Structure formats: C-alpha cells, structure tokens
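A.B. asks:
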Amino acid sequence: MIRPLLIFFLLFFSSLVNAQNTSLYSIKHYTDENGLPQNSIKSIAIGKGGFLWLATEDGLSRFDGNHFVNYNKSNTGAASNRMRNIIKKISTGDLYGITQAGELIPIHNGRVLSKPLSFNKILKTPYASRKIFQQFNYEWPVFFIKAEDFYMQTDDQLYYGITMDSITYYDHNHSCTPIPFSHQKGSSFFITQKSLIHMDLEGNFTSFNKSELKHPQLTGDILQQGPAVKKPLKIYWNSNTDQAFIYLNKSLYEVTYKDGELVTKCILSNYSFESKDVMTIYYDALNSRVFLGSLTQGLVVVRINSFNSGEFSGAVNRAITYAQYPYLQDMSLFANSELMRTDGKQFFFPALEKYSNNFSLVIDQHENIWTQKDSSVYRLSAGGKKLSGSYAFSSAVLSLYLDNEHVLWIATEQGIYFKDLKGADFPPVFLIKVKGARFLYKQNKLLWIGTFRGLYGYDQEAKKTFFINKLSGKNIRSIYGSINGELWISTYGDGFYLYNKGNLIKMPADDQNFLKNTHCIIEDKHGFLWMSTNKGLFQVKIKDLLAYSTDKAKKVFFLYYDKSSGFNTNEFNGGCQPCGSLLQNGFIVFPSIAGSVMFNPAEINPELPDRAIYIDKILADNSEKNLTDTLHLTQDVDLIEIFISSPYFGHQNNLNFEYKFAENNKWNKVNNNNIITFTKLVKGVHEIVIRKQNGFNTDAFVYKRLLIIVRPYYYQTWWFYLLVTITLLAGIILITRYRTRNILRQNLELERTINLRTGALKKIVREMQLSQKLLAEQTNFQKRLLTSITHDLMSPLRYMMFISKKLYQTVEDKSPDAESIRALYLSTNSMYHFTENLLNYNKLFQSSSKRVKDHINLHKLVSDKIEVFLEIAKYYHIEIDINIPSTIFIQADTTILSVILHNLIDNAVKFSHDAKISFHAVQQGNTITFVIQDTGVGMSEEVMNWFNAQDTKILEKGLGLKMVIEFAAKIELTIKVTSVMGAGTNFSMSFYAKNQI
C-alpha cells in the first residue's frame with residue numbers, strides 16, 4: 001500500500017520540473033585548421049584496419065580518431081591531388097581512392113601505396129570504358145547522378161546496368177534480358193543489404209532482385225514524422241559501408257531492406273544538415289558515432305551520448321548534487337530535494353530542502369526519509385510530505401548510514417551513535433568516540449568508519465575499536481563492500497585500496513593519475529566497478545583488480561569517460577553518503593557539480609582500443625625509411641624516430657602505448673605524439689616490442705614488433721676478424737721462427753762466452769774465498785786482541801779509579817791539590833767506564849747466542865747506574881730525581897740495558913751543567929713507559945732525527961748514541977728522543993710487563 005501512496009504523493013504533492021538535459025550528442029568538428037588537408041569531404045570509408053579514410057580536393061586523408069595523416073601526389077605518385085571518390089572492391093574489401101584524373105590509388109594495411117593503377121586492373125565489369133567509370137560516382141547521393149548510362153554493383157559477381165528506360169543485370173559478367181524501367185532525372189538509386197533500390201521524385205520505392213521487382217514501404221522510426229514522410233526525401237548512400245540513410249526534417253534515419261520492407265531507425269534527431277553541406281555519411285552503430293562529410297565544412301563527428309546528465313532548472317545551488325538514495329525501482333532521491341527518474345523526469349520535494357544540508361540521506365524500510373543538518377537528524381514521512389521526528393546532538397552531524405539490519409548509524413563530530421529502526425522509537429544511543437567520521441559502512445559484524453585521518457574499524461562482538469595503520473593520514477572518501485565481500489576504499493589524494501581477508505593492497509593508478517582523487521566506487525551487475533573522480537568517470541573489471549592484488553597481473557586496464565560521453569562536467573562530487581547509487585533496475589547514479597549522471601551499465605558499450613598497432617613512418621636522422629618488419633641501419637645513425645598509430649575514436653586517454661627492447665624487461669611509455677625516439681644503436685640485431693592494452697582482462701594486449709639490424713663497420717665483421725686472425729697467426733709463426741733461429745744463434749755465442757768467462761770466474765771465486773778466510777782470521781785476531789787489551793786495562797784502571805776516588809774524598813777543598821785530584825778522579829772514572837762499555841760492546845758482538853731476558857727491578861737498576869755519576873753530577877751542580885716505583889719490574893737483558901742506561905746517563909750528565917736529570921716510569925696495563933729527562937743544553941735537530949730514524953751511521957759526535965741504537969735493536973727496544981735546544985732532552989722507551997713479578 002505504501003508504494004501506491006508514494007506514487008500518489010509524487011503526482012499530486014511534489015513539484016514536477018523539466019530536466020535541462022545536456023545535448024544528446026557530443027560533437028567534434030575537424031577542418032583544415034586542425035588536421036584536414038582541405039575542407040571538401042567527398043567520400044568516407046572505413047578500412048580493414050579500422051582507420052577512417054576521407055577523399056578531399058587535396059588528396060586522401062587517414063583519420064585514426066586523433067590525428068590525420070594526409071596523402072597527396074607528393075607521396076602517392078598520382079597525377080592529381082583532387083580526389084573524386086573512394087571505392088571498395090567487393091570481393092576483397094580493399095579500398096581505392098579515385099583521382100580526378102581517373103587513377104586508382106591502393107589503400108593497404110593502413111597506408112597508401114604509391115603505385116596508381118587503372119580501373120580495368122581492379123574492377124572487372126562489363127563496362128570497359130574509362131569514360132563511364134569517370135562519370136559514375138559510387139558515393140555521391142544518387143540524385144546528383146546525371147541521367148546517363150551507368151552501372152551499380154551489389155556483390156562480387158552481380159551488376160546492374162542502368163539506362164533511362166531499362167535495367168539489365170549481369171551475373172558472372174553474363175547479361176540477362178533487360179527489364180523495362182523508366183526513371184526520371186533526379187530520381188535516386190542506392191544499394192542496401194545487396195539489394196538495388198530506386199526512389200522516384202514522389203518518394204515511392206522499387207527494389208530489384210535480378211529480374212524481380214517489388215515496391216517496399218518505409219517502416220520504423222520515420223513513420224513518427226506522420227504526413228511529412230511523403231515529402232521529398234534526401235537519400236545518402238555509402239557504398240563502402242553498405243549503408244543508406246534518409247534525411248528528413250532535421251532527422252537522420254538508417255535504412256535497411258529486410259523482409260520486403262525498408263526499415264528505418266532514427267540515428268540523429270533535431271540535427272540540421274541544411275547549413276552543413278553534408279555530402280557523405282558513415283554510421284558506426286557499435287559505438288553510436290556518426291561521421292558526416294561536408295562539401296565545405298570538413299568532417300563532423302557526432303557521438304550519441306550513452307550517459308544521461310540531468311541538471312535541475314531551478315536555483316544554481318540545487319544543480320550541485322551530493323548525497324542521493326535509491327528510491328522505488330527507477331528513481332534516485334537527492335538530498336537537495338530532487339527526485340530523478342531514469343527516463344529523465346524530475347520531481348521536487350520542497351520540505352526536504354529545509355531539513356537537509358545536501359551531504360547525507362537515508363530512506364528506511366517504511367519509506368521514511370532521514371536527513372541531517374547542522375547538529376540535528378530529521379525524519380520525514382514517506383514521500384517527504386511532513387516532518388515526523390527530529391533528534392538533536394551536542395556536535396555537528398556529519399553522516400547517516402542504514403545497514404541491512406535496519407539500524408541507523410549516525411556520525412557526529414564527537415562520535416558514533418546508532419538507532420534501531422525495527423523497534424520502539426528510542427533516541428539514538430552513543431557507541432564510541434571517533435572524531436571527524438565522514439563515511440560509515442557495516443560488513444557483517446564490523447563497522448567501518450572513514451575519517452579525514454584514516455580508517456577505523458569497530459568489532460561489535462568484541463566491542464573493540466582498531467585502526468588501519470597503513471591508511472594513517474589518508475583522507476577516506478568512500479567505502480564500498482562488493483558482492484563477494486571485498487572492501488573497496490577510496491581516498492582523496494592517494495588513490496583507492498582493496499581490503500580483503502585482512503590484507504590492505506593499494507590499487508594501481510591510471511596513466512594520467514586521475515584516480516588519485518577517487519570520490520565514489522559502485523559495483524554494477526556485470527562484474528565492473530565504476531569510479532567517479534574530479535576528472536571524469538572510470539570503469540574497471542573487478543577480476544583484473546583482484547588479479548593485481550595477488551601479483552597475477554602487473555597492469556590493470558581502466559576505461560576512461562569524460563564529458564564528451566554526455567556529462568555536463570568532468571568534475572564529480574564526493575564527500576557525501578551515499579556518494580552514488582545502484583538502482584533496482586540496474587542504473588547507476590553519481591552526483592557532480594553540474595547536476596547528476598545517470599546511466600545503465602548494460603547499455604554502455606565499452607569502446608576499447610582493440611585495433612592493431614601500425615608503424616606509419618620511420619625516420620633515421622630525418623631520412624625516411626621503407627616500412628617493413630625489418631629495418632636495416634648503419635651505426636652512423638644518431639637519431640631514430642618511429643611513428644606509430646592505432647585507430648581509436650574513443651577518448652585518447654584510453655590509448656596508451658609502451659615499448660621496450662626485447663632483451664630488457666622495463667616498458668617505457670610512448671609520448672603523446674605517438675613517436676618512439678632513441679639514439680645510437682650498437683651493431684647487432686635489436687627487436688623493439690610495442691604494445692598497448694586493448695581492453696579488460698589482464699592479458700589483453702596488442703603487440704607490434706620491429707626488427708632492427710644495425711650493420712657493423714667493416715672492422716667489426718666476421719670476415720675482418722677472420723682476416724686479422726689469419727694475419728696475426730701468420731705473423732706469430734714468422735716471428736716465432738725468426739726468434740727461434742736468432743735465439744739458437746745467440747745461445748751458441750753465449751755458450752762460447754760463458755766457457756771463456758767461467759774459468760776466470762772460478763779463479764776469482766777461489767781468490768775471494770781465500771781473501772774471506774784471511775779477513776775472518778784477521779778480524780777474529782783483532783777482536784781477541786781488543787778483548788785482551790781491554791781486559792788487561794780494566795784492572796789497573798779500576799785500581800787507579802779507586803785510589804783517585806779515595807784521594808778525592810780525603811783531600812780538603814782548600815788544598816792546592818784538590819782540583820788536580822778531582823780531575824784525576826773524573827778522568828780515571830770516565831776512562832774506566834768507557835773501557836768497560838767497549839769490552840761489553842765487543843763481547844755482545846762476538847756472541848752469537850740468543851740473549852736471555854732477566855727480571856729487572858727498574859728502580860734498582862737506575863739507582864746503581866746513578867751511583868757512578870753522583871760525584872760528577874755533584875761537581876756540575878746537577879740535581880738527580882728518581883721517580884720510579886720500586887714495584888715495577890721489567891723483562892730485558894741486564895747487560896745490554898745497563899750499557900744503554902750508562903750511555904744515556906753519561907750523555908745527560910755531559911750536557912746538563914747546573915740542571916736537573918729526572919727518571920720516572922709509569923705502568924699502564926702490560927706496558928711500562930720509562931723516561932729519562934734532563935734540562936740541559938738539548939740536542940740538535942739533526943742528531944734527534946738521526947736517532948729517531950735508528951740510523952746506524954756514525955755522526956761526527958755520536959759513538960755513545962750509536963751504541964744505544966745498536967744495543968736497543970739487540971733487545972727489540974724502541975727508544976724515542978725529543979729535544980729543544982736550550983730546554984733539555986727526553987729519552988722515552990717502552991717495555992712489556994707480561995711476566996712482571
């Protein structure tokens with residue numbers, strides 16, 4: 001009972017308005033200003049490859065839907081640019097352009113062949129006269145034909161010879177008995193469905209089937225013209241497409257001969273030909289497109305729109321539509337108070353406008369209309385006649401959503417509420433706090449909440465809220481759950497996503513990246529998603545997207561529609577709920593900034609770019625090459641340009657070429673001019689693969705391959721390599737033979753020389769061995785002598801040092817002999833220790849045995865050595881400071897280390913009068929650093945560098961330091977010296993204390 005009442009309300013209480021539909025057609029006009037060679041189109045034909053061919057006064061023109069390629073006598077070899085016609089050979093379907101000079105220009109494989117032919121080579125007819133062919137015009141409207149003899153061809157072997165008073169048909173070039181038939185000048189002949197039709201000046205028709213005549217009547221859409229049908233009719237016949245048309249009262253009808261009747265179908269209505277000089281017509285029924293060739297105004301392409309765009313005729317703000325909801329079976333109710341029916345009729349609910357802000361709408365199971373405005377939710381009675389309830393909230397209401405269980409979900413600025421519409425009328429109940437919710441969708445027991453900052457989910461069973469981290473910061477525009485359970489999520493600025501079985505997958509973008517801002521996603525009943533954006537509408541196959549989500553596909557085909565398909569604007573609206581509607585009768589409705597777009601997907605024939613790919617031209621350094629499947633080039637070519645095309649009359653965004661070299665995996669996009677450009681190629685065979693997506697399904701591609709053979713330089717050829725190899729081998733053999741002979745000769749000479757010199761060398765070796773033996777004996781004798789002398793001197797020197805020390809210690813300071821005794825003591829002491837060092841030095845270098853390391857108390861060793869120099873230090877006013885812990889032990893050879901210390905202390909005492917000599921040691925881990933520091937006169941930079949370099953050469957003054965260097969090397973001790981002239985000298989050495997006790 002409710003639905004009849006609704007219809008009653010619509011008829012009597014709502015306001016009926018006329019929808020201001022946009023034009024039923026999208027029109028494109030092409031002239032010599034945008035591609036045509038000239039504006040007189042005399043003939044239109046569609047080639048085997050899908051290109052549109054036009055005959056003009058300035059040659060043939062090929063149209064691929066976006067670009068014109070023009071052919072004239074400069075590239076056809078014809079004598080004239082003026083084209084009379086395009087004809088088709090019925091047996092093969094091949095097209096030929098006819099020039100004013102009577103030449104036939106072959107059209108093959110998407111291009112013109114530059115070899116004009118004669119008629120008799122192509123069309124075998126009973127008429128061999130060239131004059132007759134020139135007079136006959138296949139394509140011009142029949143009423144323009146002169147009242148002379150001519151013929152018409154219905155199939156490959158059947159012709160009709162026509163005179164003013166008879167018609168003769170020819171079967172297999174055999175003529176039959178003429179049929180008496182008189183016709184007036186200006187009457188029309190045309191062919192449809194292989195039947196010859198004649199129309200007289202009164203609009204009466206006669207059909208010819210060989211010798212059989214009939215008088216068919218017009219049926220179909222043209223009868224809606226009423227009495228006007230008897231007016232003079234204008235006939236257009238396109239022999240190349242076997243199409244005939246009648247133009248009457250601004251309407252164009254396609255005419256087909258069927259079952260003895262001439263059936264008419266209206267193609268264009270309210271479209272005037274009067275000022276357009278239309279000369280020829282081609283109708284692409286599959287894609288609802290009419291091509292009109294004008295004698296003066298070029299080419300007009302009229303597309304019959306598949307989309308119904310309605311725009312309300314009232315206030316401007318109502319033309320901007322947002323939220324809408326399916327209403328009854330074939331209507332959509334908009335939140336701005338409009339109700340649109342799929343036949344284009346619109347109604348207006350004045351009450352609804354008062355309680356809606358245009359962004360959200362719900363119709364419940366009782367046909368009540370729920371709206372929101374500011375911080376309130378309103379309920380209007382069925383039909384929107386009156387307000388039946390309202391609910392106020394503490395913050396702005398953002399969105400309404402009704403799930404399948406008749407629960408109304410309400411999103412506010414502060415959180416989510418719900419109200420069960422099946423029971424009593426209780427106020428909405430607060431559920432959870434989520435700020436800025438704009439879109440709600442319930443999937444089983446999960447409530448999805450889209451916000452400006454991401455996507456939340458609420459599990460009703462677990463009563464928990466969770467957040468999809470991968471969508472953090474994303475502006476959620478809409479959420480759509482498909483029939484099979486997939487969740488499609490659109491965003492503003494980041495494309496759209498699939499959430500399936502707990503996995504979130506970002507979906508691919510279109511080539512122009514228009515899907516970046518996806519407003520709304522709706523699934524039709526045929527397995528496709530329709531998506532509205534700021535730049536138009538997209539259609540995509542769900543199976544393709546699912547294949548992409550599982551890595552079974554790398555590319556997805558998106559079919560793009562823009563305002564040329566019938567929209568008022570490319571800019572759709574979003575940010576509302578619902579953002580679009582799927583009506584019960586299958587229609588889909590989307591809102592836009594200029595009305596709404598309503599269409600039935602079942603009636604939309606996707607115009608797919610499924611034609612072959614053609615290579616139109618190849619330039620190598622601006623030089624055009626012959627078009628074959630194999631291109632031969634030299635390595636001197638710097639720039640190669642390949643011009644490609646594919647006939648497609650839909651939106652060019654759907655035609656996207658890619659190319660790659662066969663050996664590579666990366667596909668490159670071809671530029672908008674459809675030119676593939678690359679620079680130098682190395683020698684060898686290169687295969688370029690060109691492809692484009694030709695429709696839905698992941699493997700739907702069209703491929704074109706071009707083989708490029710780059711010739712090598714002569715020095716890169718196999719025969720050159722062979723010649724060089726042979727030459728090298730011959731050279732190697734000759735050189736080897738020459739060198740072998742030369743070496744043998746040299747060997748003989750060398751043997752003689754060696755034999756001569758060997759005797760002398762043996763004599764020299766014997767003498768050297770004898771000399772070495774004598775030298776070793778002499779050296780050993782000298783060492784023993786030095787040791788004996790030094791040893792013999794030690795005892796008297798020790799005695800002299802002892803006596804002089806006693807005298808020095810007992811003599812009084814004021815004694816006149818004190819200075820002499822001191823000098824005697826110091827000299828004796830120095831001589832004794834020098835002799836002792838010399839003896840130790842000699843012993844060390846005589847010994848070849850390995851030195852044994854001793855455990856040495858460093859403090860004791862230094863103290864013992866200082867004892868020797870105390871008197872001398874006292875005399876020279878030298879202060880001696882020993883700062884060595886008694887706990888430090890080192891491992892070293894005692895004898896060698898004693899000699900080293902003696903020489904270093906002696907050196908410090910010699911050059912440190914009125915100064916200070918310090919000894920200190922520091923242990924860090926297993927390393928002991930021992931430093932001898934004086935504040936004497938210092939050391940020259942030359943001596944310091946020599947010492948640090950461990951150079952064993954003897955300086956003019958440096959025997960003691962040389963002994964230090966050599967002895968330190970014996971025990972692998974590193975000693976470094978730093979010195980500043982006038983400030984003193986530091987000797988630093990490091991010991992390992994691994995076995996320290």
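Position 422 (the sequence shown) corresponds to 422 in UniProt numbering; numbering is contiguous. Every residue, glycine too, gets a C-beta built ideally from N, C-alpha and C. Note that the structure is predicted; figures quoted are calculated from it, not measured.
Here's the rule: buried if 16 or more other CB atoms are within 10 angstroms of the residue's CB, otherwise exposed. What is N570?
C.D. replies: Start at 1 with the first residue of the sequence shown, and residue 570 comes out as number 570. When all chains shown are included, N570 counts as buried.
A.B. asks: Measuring only the C-alpha atoms, how far is F63 from A45?
C.D. replies: In the sequence shown, the residue the question calls residue 63 occupies position 63. In the sequence shown, the residue the question calls residue 45 occupies position 45. Taking the straight line from one Cα to the other gives about 10 Å.
A.B. asks: Going by C-alpha distance, which of V434, N85, F205 is nearest G454?
C.D. replies: As a first step, residue 454 must be located in the sequence shown, where it is residue number 454. It is V434 whose Cα lies nearest to the Cα of G454.
A.B. asks: Quick one, are the C-beta atoms of F349 and G389 less than 8 Å apart?
C.D. replies: Taking the first residue of the sequence shown as position 1, residue 349 is located at position 349. Taking the first residue of the sequence shown as position 1, residue 389 is located at position 389. With respect to the 8 Å criterion, F349 and G389 are not classified as neighbours on the basis of their beta carbons.
A.B. asks: Report the three-state DSSP secondary structure of K535 (helix, strand or coil).
C.D. replies: To locate residue 535, count along the sequence shown from 1; it is residue 535. Three-state result, K535: coil.
A.B. asks: Less than 8 Å between the beta carbons of D364 and L421, yes or no?
C.D. replies: The residue labelled residue 364 in the question sits at position 364 within the sequence shown. The residue labelled residue 421 in the question sits at position 421 within the sequence shown. Going by C-beta atoms, D364 is nearer than 8 Å to L421.
A.B. asks: What is the DSSP secondary structure of residue 1045, reduced to helix, strand or coil?
C.D. replies: Since the displayed the chain opens at 1 and closes at 997, residue 1045 lies outside it and no answer follows.
A.B. asks: My guess is that F987 and I917 are in contact by the Cβ rule of under 8 Å, so how many angstroms apart are they, rounded?
C.D. replies: Along the sequence shown, read from residue 1 onward, the residue named residue 987 stands at position 987. Along the sequence shown, read from residue 1 onward, the residue named residue 917 stands at position 917. Between I917 and F987 the Cβ distance is about 11 Å, and since that is not below 8 Å, they are no contact.
A.B. asks: Just how far apart, CA to CA, sit K214 and L268?
C.D. replies: Here residue 214 corresponds to residue number 214 of the sequence shown, with the count starting at 1. Here residue 268 corresponds to residue number 268 of the sequence shown, with the count starting at 1. Going from the Cα of K214 to the Cα of L268 covers about 29 Å.
A.B. asks: Note the first and the last residue of the continuous alpha helix (DSSP H) segment covering A873.
C.D. replies: Against the sequence shown, residue 873 aligns to sequence position 873. Secondary structure note for A873: its alpha helix (DSSP H) is the uninterrupted segment 858-875.
A.B. asks: Helix, strand or coil for R766? Go by DSSP, reduced to three states.
C.D. replies: The count along the sequence shown starts at 1 and reaches residue 766 at position 766. Helix at R766.
A.B. asks: Run through DSSP, which three-state label would Q716 get?
C.D. replies: Along the sequence shown, one-based indexing puts residue 716 at 716. Q716 falls in the helix class under three-state DSSP.
A.B. asks: Answer with buried or exposed for G984, where buried requires no fewer than 16 other C-beta atoms within 10 angstroms of its C-beta.
C.D. replies: Translated into the one-based positions of the sequence shown, residue 984 becomes position 984. Flag for G984 reads buried.
A.B. asks: Enumerate, from N- to C-terminal direction, the unbroken beta strand (DSSP E) stretches of 3 or more residues contained entirely within the stretch 493-551.
C.D. replies: 496-500, 503-506, 518-523, 528-533, 537-541
A.B. asks: Report the CB separation of V362 from Y325 in whole angstroms; it is logged as a contact under 8 Å.
C.D. replies: Mapped onto the sequence shown, residue 362 falls at position 362. Mapped onto the sequence shown, residue 325 falls at position 325. About 6 Å; that satisfies the 8 Å criterion.
A.B. asks: Closest to I98 by C-alpha separation, out of P116, N109, T92, would be which residue?
C.D. replies: The residue given as residue 98 occupies position 98 in the sequence shown. Among P116, N109, T92, the Cα nearest to that of I98 belongs to P116.
A.B. asks: Taking just the CA atoms, how far does I41 sit from Q153?
C.D. replies: Stepping through the sequence shown from its first residue, residue 153 is reached at position 153. Stepping through the sequence shown from its first residue, residue 41 is reached at position 41. Answer to the nearest angstrom: the Cα atoms are 23 Å apart.
A.B. asks: First and last residue of the alpha helix (DSSP H) that includes R899?
C.D. replies: The count along the sequence shown starts at 1 and reaches residue 899 at position 899. The identity of residue 899 in the sequence shown is Val, whereas the question assumes Arg. Unbroken alpha helix (DSSP H) run through V899: 894-910.
A.B. asks: Distance, Cα to Cα, N444 vs G93?
C.D. replies: Taking the sequence shown and counting its residues from 1, one reaches residue 444 at position 444. Taking the sequence shown and counting its residues from 1, one reaches residue 93 at position 93. Whole-angstrom Cα-Cα distance: 59 Å.
A.B. asks: Report the rounded CA-to-CA distance for Y456 versus F359, giving the unit in angstroms.
C.D. replies: Counted from its first residue, the sequence shown places residue 456 at position 456. Counted from its first residue, the sequence shown places residue 359 at position 359. Answer to the nearest angstrom: the Cα atoms are 21 Å apart.
A.B. asks: Out of Y322, M989, D343, which has the shortest C-alpha to C-alpha gap to K330?
C.D. replies: Position 330 of the sequence shown, counting from 1, holds the residue named residue 330. The sequence as given places Asp at residue 330; Lys does not occur at that position. By alpha-carbon distance to D330, the top candidate from Y322, M989, D343 is D343.
A.B. asks: For E749, count the other beta carbons within 10 Å of its own beta carbon; 16 or more makes it buried, fewer makes it exposed. Which is it?
C.D. replies: Here residue 749 refers to the residue found at position 749 of the sequence shown. Per the 10 Å Cβ criterion, exposed.
A.B. asks: Beta-carbon within less than 8 Å of D544's beta-carbon, same chain only, minus the 5 sequence neighbours each way: which residues are those?
C.D. replies: By 1-based counting over the sequence shown, the position of residue 544 is 544. Only A553, V556, F557, F696, N697, T698 meet the Cβ criterion.
A.B. asks: So, is A730 buried or exposed, given that buried needs 16 or more other C-beta atoms within 10 angstroms?
C.D. replies: For the purposes of this step, residue 730 is taken as residue 730 along the sequence shown, with counting starting at 1. The residue is exposed, with fewer than 16 neighbouring Cβ atoms inside 10 Å.
A.B. asks: Express the C-alpha separation of V229 and A147 in angstroms, rounding to a whole number.
C.D. replies: Working through the sequence shown from its first residue, we reach residue 147 at position 147. Working through the sequence shown from its first residue, we reach residue 229 at position 229. Annotation note: pLDDT 44 at A147 (below 50); position unreliable, no value reported.
A.B. asks: Do the stretch 600-609 and the stretch 277-289 make contact, defined as three or more Cβ pairs closer than 8 Å?
C.D. replies: yes
A.B. asks: Alpha carbons only, please: which of G102, N517, R477 is nearest the one belonging to G436?
C.D. replies: Here the question's residue 436 lines up with position 436 in the sequence shown. Per the Cα distances, R477.
A.B. asks: Kindly give me the distance between the Cβ atoms of N674 and F657, rounded to whole angstroms, as I take these residues to be in contact under 8 Å.
C.D. replies: The residue labelled residue 674 in the question sits at position 674 within the sequence shown. The residue labelled residue 657 in the question sits at position 657 within the sequence shown. The pair is a contact, with the Cβ atoms about 6 Å apart (cut-off 8 Å).
A.B. asks: Would P227 and L262 qualify as a contact pair, given that the criterion is a beta-carbon distance under 8 Å?
C.D. replies: Position 227 of the sequence shown, counted from the first residue, corresponds to residue 227. Position 262 of the sequence shown, counted from the first residue, corresponds to residue 262. No, these two residues do not count as a Cβ contact at 8 Å.
A.B. asks: Are the CB atoms of T76 and S114 nearer to each other than 8 Å?
C.D. replies: Within the sequence shown, residue 76 is the residue found at index 76, counting from 1. Within the sequence shown, residue 114 is the residue found at index 114, counting from 1. Closer than 8 Å, so yes.
A.B. asks: Among the candidates A509, S581, K210, H519, whose CA atom is the shortest distance from the CA of R341?
C.D. replies: As a position in the sequence shown, residue 341 is number 341, starting the count at 1. Out of A509, S581, K210, H519, S581 has the C-alpha closest to the C-alpha of R341.
A.B. asks: Quick check on DSSP: helix, strand or coil for residue 1054?
C.D. replies: The question about residue 1054 has no answer here: the residues shown for the chain are numbered 1 through 997.
A.B. asks: Take V852 and list the residues in its own chain whose beta-carbon comes closer than 8 Å to its own, dropping the five residues that flank it on each side.
C.D. replies: Taking the sequence shown and counting its residues from 1, one reaches residue 852 at position 852. Here the set comprises D893.
A.B. asks: Taking only the alpha-carbon atoms, compute the straight-line gap between N238 and Y257 and give it to the nearest angstrom.
C.D. replies: By 1-based counting over the sequence shown, the position of residue 238 is 238. By 1-based counting over the sequence shown, the position of residue 257 is 257. A straight line joining the alpha-carbon of N238 with that of Y257 spans about 15 Å.
A.B. asks: Using a 10 Å radius around the Cβ and a threshold of 16 neighbouring Cβ atoms, would you call L11 buried or exposed?
C.D. replies: In the sequence shown, counting from the first residue as 1, residue 11 sits at position 11. The predicted model places L11 with a pLDDT of 42, which falls under 50 and marks its position as unreliable; any figure quoted below should be read in that light. The residue is exposed, with fewer than 16 neighbouring Cβ atoms inside 10 Å.
A.B. asks: Looking at the secondary structure, which residues open and close the alpha helix (DSSP H) in which W946 lies?
C.D. replies: Taking the first residue of the sequence shown as position 1, residue 946 is located at position 946. Residues 941-948.
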